[in-house]
Amino acid sequence: MNAPLLVGGTLVALVVLAALLSFFWTPHDPTLVDAARKLRAPGDGNLLGADKFGRDTFSQLMVGARTTLYVGIVAVGIAAVLGVPLGMIAGMSPWGWLSELIMRVNDLVFAFPALLLAVMLGAVYGAGTLTAMIAIGVATVPAFARVARAATLQVMVTDYILAARAAGRRRTAIALRHVLPNIGSVLIVQASVSFAIAILAEAALSFLGFGTRPPTPSWGRMLQESQELLFSTPRLALWPGLAIALAVLGFNLLGDGLRDYLDPKLRRIRERTRRSERSGGPTEEGLRGASEEW
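Add 24 to a position in the sequence shown, counting from 1, and you land on the number used in my numbering.
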């Protein structure tokens, strides 16, 4: 049983379910300010209590999940649309100088902090969800480009690619029909890991005031609003912090589980390991097979 895939998929499913449910129903209006419910304890008409403005915490968490997924999907989409073609071009280019140029520019972007980029974009265009999505997406492009290039280089030396080139197929056709489908599993895993990074980045930007603007609920801004009451009412920081931690953990575990499930080499190595454990220890055949796989 693939435990990381199961646990990660369950956590991600809960976040997605909360986000989808928030479109149709929330216990209370998440943006309604009610002074009579200020700092209300959990259970008294509010499942997780109310914040310092009297807004329902549980309703804010549900809508915050929607905001988090929205930012993550768009940011990862931007990174994949820009990074994957660049990585494939770098891996398939017959000109070494072009590959080096792409990767050196990629390293330059990778060294530029996403937070600083978000601050710059916020100063020019104003802080908001769009600014956060663009900043996170651009900052994640190098990761997709590196992964796509490495996977493309492995695919380009296979026999079916050599046969396609011998048949006179154009590089564009080879990229779309042979390379992209065979590196898709690696990109799916990278997208899952990048989604976890995007959740943290969006929360950090919202905490600093460069992300989602009020009154739209955001887990990061919930943390920011609760910091002055951290010692008197710690539960206000507990719930959004726990939501961020579980969402990030879920996507990371999902990425690990997908990597094990989609990579046949890792799957065969794990099967050999389990067989050796059941037999009382590693066998010579198992060790030799694992070394051959690697």
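Glycine included, each C-beta is placed from N, C-alpha and C at the ideal position.
Quantities reported herein were computed from a predicted structural model and do not represent experimental measurements.
With distance defined between alpha-carbon atoms, name the residue in R90, F77, T55 and P51 nearest to L71. Of R90, F77, T55 and P51, the residue nearest in Cα terms is P51.
Assign Q84 to one of two classes, buried (16 or more other C-beta atoms within 10 Å of its C-beta) or exposed (fewer than that). By the Cβ-count criterion, Q84 is buried, with 16 or more other Cβ atoms from all chains shown falling within 10 Å of its own Cβ.
Ignoring anything shorter than 3 residues, give me the beta strand (DSSP E) runs that lie fully in the segment 84-125, in order along the chain. Runs of the beta strand (DSSP E) inside the segment 84-125: none found.
Residues of its chain near A233, where Cβ-Cβ distance is below 7 angstroms and the 5 sequence neighbours each way are ignored: This sequence places Gly at residue 233; Ala is not what is there. So the list reads A151, once near-sequence residues are dropped.
Given a cut-off of 8 angstroms on the beta-carbon distance, is the pair G107 and A159 in contact? Not a contact, by the Cβ cut-off of 8 angstroms.
Is G73 near A60, with beta carbons less than 8 angstroms apart? G73 is not a Cβ neighbour of A60, given a cutoff of 8 angstroms.
Buried or exposed, going by whether 16 or more other CB atoms sit within 10 Å of the CB of W318? Legend: pLDDT at W318 = 42, less than 50; position of this residue unreliable, value from coordinates given subsequently. Under the 10 Å beta carbon count, W318 is surrounded by fewer than 16 other beta carbons and is classified as exposed.
May I have the straight-line CA-CA distance separating T91 from S242, to the nearest angstrom? Each residue's alpha carbon lies about 6 angstroms from the other.
Helix or strand or just coil, what does DSSP make of D319? Examination of residue 319 is not possible in this model, given that the chain is present from 25 through 318 alone.
Along the chain, where does the alpha helix (DSSP H) containing G274 start, and where does it finish? That run of the alpha helix (DSSP H) goes R259 to L286.
Using a Cβ-Cβ cut-off of 7 angstroms (strictly less than) and excluding sequence neighbours within five positions of A225, which residues of its own chain qualify? A138 and I160.
Are the beta-carbon atoms belonging to G115 and L177 less than 8 angstroms from one another? In this structure, L177 lies closer than 8 angstroms to G115 by Cβ.
Applying the 10 Å Cβ sphere with the 16-neighbour rule, what's the burial state of S315? With a pLDDT of only 45 at S315, under the threshold of 50, the placement of this residue in the model should not be trusted, and no figure is reported.
Buried or exposed (CB count within 10 angstroms, at least 16 for buried), D166: What sits at residue 166 in the sequence shown is Pro, not Asp. Buried: at least 16 other Cβ atoms inside 10 Å.
Where does the unbroken alpha helix (DSSP H) through N70 begin, and where does it stop? In the DSSP annotation of this structure, N70 is not part of any alpha helix (DSSP H), being labelled neither H nor E.
Candidates A197, V213 and H202, of which the one nearest V100 by Cα: It is V213.
Alpha carbon to alpha carbon, how far is E42 from A187? For the record, residue 42 in the displayed sequence is Ala; it is not Glu. Distance from the CA atom of A42 to the CA atom of A187, rounded to whole angstroms, is 49 angstroms.
Separation of A215 from D183, as counted between CA atoms: So the two alpha carbons sit approximately 28 angstroms from each other.
Among the residues of its own chain, which have a CB less than 8 angstroms from the CB of R237, if the five just before and after it don't count? Apart from sequence neighbours up to five positions away, the residues of its chain that approach R237 with a beta-carbon distance below 8 angstroms are A151, G152 and T153, ordered along the chain.
Quick one: Cα of V148 to Cα of M180, how far? Distance between the alpha carbons of V148 and M180: 43 angstroms.
Assess, as a yes-or-no matter, whether the segment 275-283 is touched by the segment 116-136 under the definition of 3 or more beta carbon pairs within less than 8 angstroms. At 8 angstroms Cβ cutoff, the stretches do not touch.
If you run the structure through DSSP and keep just helix, strand and coil, what is L56? Under the three-state reduction of DSSP output, L56 falls in the coil class, being neither helix nor strand.
Short check: CB of L253 to CB of K62, under 8 angstroms? It is not a contact, given that the beta carbons lie outside the stated cut-off.
Can you tell me whether DSSP reads P238 as helix, strand or coil? In the structure shown, P238 sits in coil (DSSP, three-state: anything other than H, G, I, E or B).
What's the call for F168, buried or exposed, on a 16-neighbour Cβ count within 10 Å? By the Cβ neighbour-count rule, F168 is buried, with 16 or more other Cβ atoms within 10 Å of its own.
Could you check which residue in S123, V39 and R245 has the C-alpha nearest to that of L270? Ranking S123, V39 and R245 by CA distance to the CA of L270 puts V39 first.
A151 in three-state terms, based on DSSP: If DSSP states are grouped into helix, strand and coil, A151 belongs with coil.
Do you know whose CA, among I221, V162, Q248 and I113, lies nearest V133's CA? The option with the nearest alpha carbon to V133 is V162.
Considering Cα atoms alone, identify which of A142, L29, A228 and L286 is closest to G265. It is A228 whose Cα lies nearest to the Cα of G265.
For the alpha helix (DSSP H) that R245 lies in, which residues bound it at each end? W243 to S250 is the extent of the alpha helix (DSSP H) around R245.
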